[in-house]
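Numbering (our numbering), first residue to last: -7 to 405. All remarks here apply to the structure that follows.
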């Protein structure tokens, strides 16, 4: 397998992150010190949040974008589709349309931004972005059809402007959003990529291509079971829409970064892949496909935990991971403030790699405490993401943000 293909695979995420973890055992980390005695407190918190939120452990839902939509709104939309006589495959297409755009705008929006719902609630962060994208979907922001507003197609995506995004996300001088332009550009590039991938996104009835057309490709390959590798291939075919970062032989690798604690021996051995947004999208697509069409996606154990600031912040806030003093100094702009780093910074790469491995370890220990096997997506939902948010709110009651600040361009985290 070519190294550029390997680094775009799911297997590579866990393997390369494990290499960083092994370096920690040799004292070879550049940015973090590790105190594994903190693990038990983290596991206790995750068990507590899981059993509090889901007393019936058999009903823990997977970590997916669908959790962030307003439940009543979401169910009303699906009920309307049925009432309108829309067939199940088209319902699946529309749900995938919604999920794809909602995930792609789901990078960190900053501490200030909030979305005002029609009920008058003001919601920030990931949930706010979900509610905003849901409303924009219903209003036809991403559709080129005047008759079918609640879909996403290349024509609608191609018409996106920063002004329309500003309006849809309610961005003002006092309600600023980080990475608005990055989100806008990402969706416009999605339009171009869909048109360049007719195999994975086949046009139906000469209609403009849609993200939801992936279901037509997947059903052509299998009617009952879809392998995760097949779905991942479809998701990774969207890779050209990511901003230019690391490339090998002209292949855009996406969320892949050089790690200072690994050594390049001449074949890019120092590169660590995460594919966080692609995995977040895949988790969300798995649920969308399985619930819409009663199709099973197999091989989901190849997926990893998501290396973002809630899961990673949980490890830092409990003292499992601690930035080395020289790294704190390097990242601190003003004394007393939290350290700030670019997403490509070696400290952030190391943090994310360790997060992937420790999420696997936490899953195993949570299962032992609960006496029940879970899939990783359930542990994330139950789980680590909520525990990360809770400890952040306790430690930083002002804004509940992460312990280490990552500069966001609206396309990674």
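Using N, Cα and C, we set each Cβ at its ideal position, and we do this for glycine too.
Within the same chain, show all residues whose beta-carbon is closer than 8 angstroms to that of residue 218, passing over the 5 residues directly before and after it, in chain order.
Excluding positions up to five away in sequence, the list reads 210, 281, 287, 288, 289 and 290.
So, do the stretch 234 to 250 and the stretch 305 to 313 have three or more beta carbon pairs nearer to each other than 8 angstroms?
Contact between the stretch 234 to 250 and the stretch 305 to 313 is absent, because fewer than three Cβ pairs lie under 8 angstroms.
Using CA coordinates, which residue listed in 28, 170, 146 and 95 is at the minimum distance from residue 194?
The candidate whose alpha carbon is nearest that of residue 194 is 146.
Pick helix, strand or coil for residue 374, following the three-state DSSP scheme.
Helix, per DSSP.
Do residue 13 and residue 257 come within 9 angstroms of each other at the CB atom, strictly closer than that value?
No.
Which value, in whole angstroms, describes the spacing of the CA atoms of residue 272 and residue 18?
Distance between the alpha carbons of residue 272 and residue 18: 32 angstroms.
Indicate whether residue 250 and residue 341 have their beta-carbon atoms separated by less than 9 angstroms.
Yes, the pair counts as a contact, with Cβ atoms nearer than the cut-off.
Express the C-alpha separation of residue 225 and residue 189 in angstroms, rounding to a whole number.
When rounded, the distance between both Cα atoms is 12 angstroms.
Of the choices 111, 123, 153 and 107, whose alpha-carbon is the least far from that of residue 91?
Ranking 111, 123, 153 and 107 by Cα distance to residue 91 puts 123 first.
Compare the Cα-Cα distances from residue 46 to each of 380, 371 and 391 and report the closest residue.
Nearest C-alpha to residue 46: 371.
For residue 149, collect the residues of the same chain with a Cβ closer than 7 angstroms to its Cβ; drop the 5 residues on either side in sequence, then sort them by chain order.
Only 134, 179, 180, 182 and 183 meet the Cβ criterion.
Can you tell me whether residue 108 is helix, strand or coil according to DSSP?
It is a strand residue.
Taking the straight line between their C-alpha atoms, what separation do you get for residue 41 and residue 362?
Approximately 12 angstroms, taken between the alpha carbons.
Run through DSSP, which three-state label would residue 303 get?
Three-state result, residue 303: helix.
Below 6 angstroms CB to CB, which residues in the same chain sit around residue 299 once its five sequence neighbours on both sides are set aside?
Cβ within range, chain order: 266, 268, 344, 347 and 348.
How far does the alpha helix (DSSP H) with residue 338 in it extend, from its first residue to its last?
Here the alpha helix (DSSP H) through residue 338 covers 338 to 362.
If you check the beta carbons only, do residue 196 and residue 208 fall under 9 angstroms apart?
Taking 9 angstroms as the Cβ cut-off, residue 196 and residue 208 qualify as a contacting pair.
Which word fits residue 216, buried or exposed, when buried means at least 16 other C-beta atoms lie within 10 angstroms of its C-beta?
Per the 10 Å Cβ criterion, exposed.
If you drop the 5 nearest sequence neighbours on each side, which residues of the same chain put their C-beta closer than 7 angstroms to that of residue 10?
For residue 10, where only same-chain residues beyond five positions count, the Cβ hits under 7 angstroms are 349.
Would residue 354 and residue 115 be called neighbours here (beta carbons separated by less than 9 angstroms)?
In this structure, residue 115 does not lie closer than 9 angstroms to residue 354 by Cβ.
Among 235, 95, 222 and 261, which residue has its Cα nearest to the Cα of residue 56?
Among 235, 95, 222 and 261, the Cα nearest to that of residue 56 belongs to 95.
Hey, residue 351 and residue 303 are a contact pair by Cβ (cut 8 angstroms); roughly how many whole angstroms apart?
Indeed they touch by this definition, with Cβ atoms about 6 angstroms apart.
If you draw a straight line from the alpha carbon of residue 98 to that of residue 171, how long is it in whole angstroms?
Between residue 98 and residue 171, the C-alpha separation is close to 10 angstroms.
Rounded to a whole number of angstroms, what is the C-alpha to C-alpha distance between residue 67 and residue 132?
So the two alpha carbons sit approximately 19 angstroms from each other.
Grab the span of the beta strand (DSSP E) containing residue 365 for me, first residue to last.
Element bounds for residue 365: n/a, residue is neither H nor E.
So, are the CB atoms of residue 294 and residue 394 less than 9 angstroms apart?
No, the Cβ-Cβ distance between residue 294 and residue 394 is not below 9 angstroms.
Thinking C-beta only, is residue 87 closer than 9 angstroms to residue 204?
Result yes, Cβ atoms of residue 204 and residue 87 sit closer than 9 angstroms.
In this structure, how does DSSP classify residue 317 when only helix, strand and coil are distinguished?
Helix.
Going straight from the alpha carbon of residue 198 to that of residue 160, what length do you get?
Going by the C-alpha atoms only, they are around 29 angstroms apart.
At which residue ranges does the stretch 24 to 101 contain complete beta strand (DSSP E) runs of 3 or more residues, listed in the order of the chain?
Those beta strand (DSSP E) runs which fall completely within the stretch 24 to 101 and span 3+ residues are 24 to 26.
In three-state terms, what does DSSP make of residue 154?
If DSSP states are grouped into helix, strand and coil, residue 154 belongs with the helices.
Could you compute how far the alpha carbon of residue 80 sits from the alpha carbon of residue 285?
Using only the alpha carbons, I get a separation of about 7 angstroms.
Given that a residue counts as buried once 16 or more other Cβ atoms are within 10 Å of its Cβ, and exposed if not, what is residue -7?
It counts as exposed.
Please say whether residue 339 and residue 15 have beta carbons closer to each other than 9 angstroms?
Taking 9 angstroms as the Cβ cut-off, residue 15 and residue 339 do not qualify as a contacting pair.
What is the DSSP secondary structure of residue 223, reduced to helix, strand or coil?
In this structure, residue 223 counts as helix in the three-state DSSP scheme.
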